[in-house]
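Residue numbers (our numbering): 133 to 437.
Written out as structure tokens, the structure reads:
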């Protein structure tokens with residue numbers, strides 16, 4: 133039983149036993165004073181499978197209840213069309229996701245590859261400013277057979293330092309995401325990686341579900357604390373991971389995997405997090421997007437203890 137139901141049931145029991153009404157009143161007052169986190173909900177543009185135009189898609193997600201939508205950058209969309217859709221719907225574009233960081237990682241041994249990603253990140257920062265957002269999500273590096281952990285750390289930090297002047301120029305923040313890139317695998321490392329830059333425009337874009345395969349989101353939240361700039365929301369099942377394979381762990385609906393959402397909400401509450409949370413799950417038509425919104429609403433209406 134969750135805390136809200138416990139409090140309400142206790143109040144009802146008190147009244148049925150003829151206890152003073154003030155007891156029930158005080159319990160009800162406690163509930164009224166408790167609120168969920170102050171969260172604005174967004175999703176990724178690529179999740180919207182209905183609608184023929186940017187405006188159609190923006191109208192749909194706005195009607196469903198989402199506060200914003202994040203775009204990839206660079207992208208093949210027309211900037212005027214994006215800004216027109218934003219103005220007509222009132223939908224916010226809180227940030228963008230760099231679209232080159234996997235194919236051309238900032239940790240790559242080839243300087244030409246790193247340069248390509250660097251230029252795309254600069255464009256993403258400028259696009260984000262144009263759209264009115266304030267973060268660019270960047271995967272900082274990838275460790276693989278040709279790139280060692282140490283090399284990924286050094287190369288990526290060298291390249292990201294080149295982005296800071298553009299971040300300062302635009303006022304847009306650089307936000308690193310935790311992904312399955314064999315790099316930055318603990319919250320202590322993540323905090324150190326951010327702190328190495330010692331800059332207010334460099335922080336973390338925390339993906340809650342990505343951690344569940346090898347850790348606990350609440351531990352990362354506690355350690356990263358105010359370094360967290362935004363949240364990505366997804367689910368993960370360790371049972372599916374064990375029985376069907378690691379990638380199948382994502383094939384589970386929000387609230388039906390192994391994210392302990394009440395504990396996660398408590399951790400976010402303790403660090404005073406408020407702001408954006410963006411769904412990053414399999415999208416679809418209007419029915420599917422409404423389901424995602426309702427699940428997110430349920431998650432972020434959990435009352436912190």
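Don't be surprised by glycine CBs; every beta carbon is placed ideally from N, CA and C.
Thinking C-alpha only, which one of the options is nearest residue i?
| i | options | result |
| --- | --- | --- |
| residue 182 | 422, 434, 435 and 332 | 422 |
| residue 277 | 292, 239, 204 and 268 | 239 |
| residue 265 | 273, 218 and 231 | 218 |
| residue 409 | 216, 336 and 317 | 336 |
| residue 389 | 256, 413 and 400 | 413 |
| residue 339 | 221, 208, 229 and 167 | 229 |
| residue 368 | 255, 354 and 344 | 344 |
| residue 287 | 301, 236 and 255 | 236 |
| residue 357 | 436, 405 and 178 | 405 |
| residue 283 | 255, 242 and 300 | 242 |
| residue 250 | 262, 380 and 231 | 231 |
| residue 176 | 328, 355, 193 and 361 | 193 |
| residue 220 | 187, 211, 207 and 208 | 187 |
| residue 233 | 255, 391 and 317 | 255 |
| residue 359 | 346, 347, 330 and 375 | 330 |
| residue 227 | 206, 396, 246 and 326 | 206 |
| residue 328 | 191, 354 and 292 | 292 |
| residue 396 | 418, 430, 348 and 212 | 348 |
| residue 213 | 430, 185 and 198 | 185 |
| residue 326 | 361, 436 and 346 | 361 |
Taking residue i as part of the beta strand (DSSP E), name the residues at either end of that continuous run.
| i | result |
| --- | --- |
| residue 230 | 227-230 |
| residue 171 | 171-176 |
| residue 338 | 334-339 |
| residue 307 | 305-309 |
Looking at residue j and residue i, is the spacing between their C-beta atoms short of 8 Å?
| i | j | result |
| --- | --- | --- |
| residue 295 | residue 260 | no |
| residue 384 | residue 372 | yes |
| residue 350 | residue 399 | yes |
| residue 285 | residue 319 | no |
| residue 443 | residue 281 | Because residue 443 is not part of the residues shown, which for the chain are 133 to 437, the question remains open. |
| residue 189 | residue 180 | yes |
| residue 393 | residue 434 | yes |
| residue 407 | residue 366 | no |
In the DSSP assignment, find the alpha helix (DSSP H) that holds residue i and state where it starts and stops.
| i | result |
| --- | --- |
| residue 326 | 319-327 |
Our contact map puts residue i next to residue j with C-beta atoms below 8 Å; I'd like the distance itself, whole angstroms only.
| i | j | result |
| --- | --- | --- |
| residue 268 | residue 322 | So it is not a contact: roughly 17 Å between Cβ atoms. |
| residue 304 | residue 257 | 5 Å |
| residue 173 | residue 425 | 7 Å |
| residue 200 | residue 223 | 6 Å |
| residue 427 | residue 363 | The pair is not a contact, with the Cβ atoms about 14 Å apart (cut-off 8 Å). |
| residue 313 | residue 271 | 6 Å |
| residue 168 | residue 432 | 5 Å |
| residue 381 | residue 370 | 7 Å |
| residue 262 | residue 299 | Rounded, the Cβ-Cβ distance is 15 Å, inconsistent with contact. |
| residue 225 | residue 202 | 7 Å |
| residue 415 | residue 178 | 7 Å |
Hey, is residue i close to the ligand FAD, as in C-beta under 7 Å from one of its heavy atoms?
| i | result |
| --- | --- |
| residue 433 | Annotation note on the ligand FAD: not contained in the displayed structure, which lists no ligands. |
For this session: Go through the region 354-431 residue by residue and report every complete run of the alpha helix (DSSP H) that reaches 4 residues or more, in order.
Result: 370-376 and 393-402
Exercise. Mind pulling the alpha helix (DSSP H) runs of 4 or more residues that sit fully within the region 187-248?
Worked result: 211-221
Exercise. In the region 242-292, which residue ranges form an unbroken beta strand (DSSP E) of at least 3 residues, counting only runs that do not cross its ends?
Worked result: 267-270
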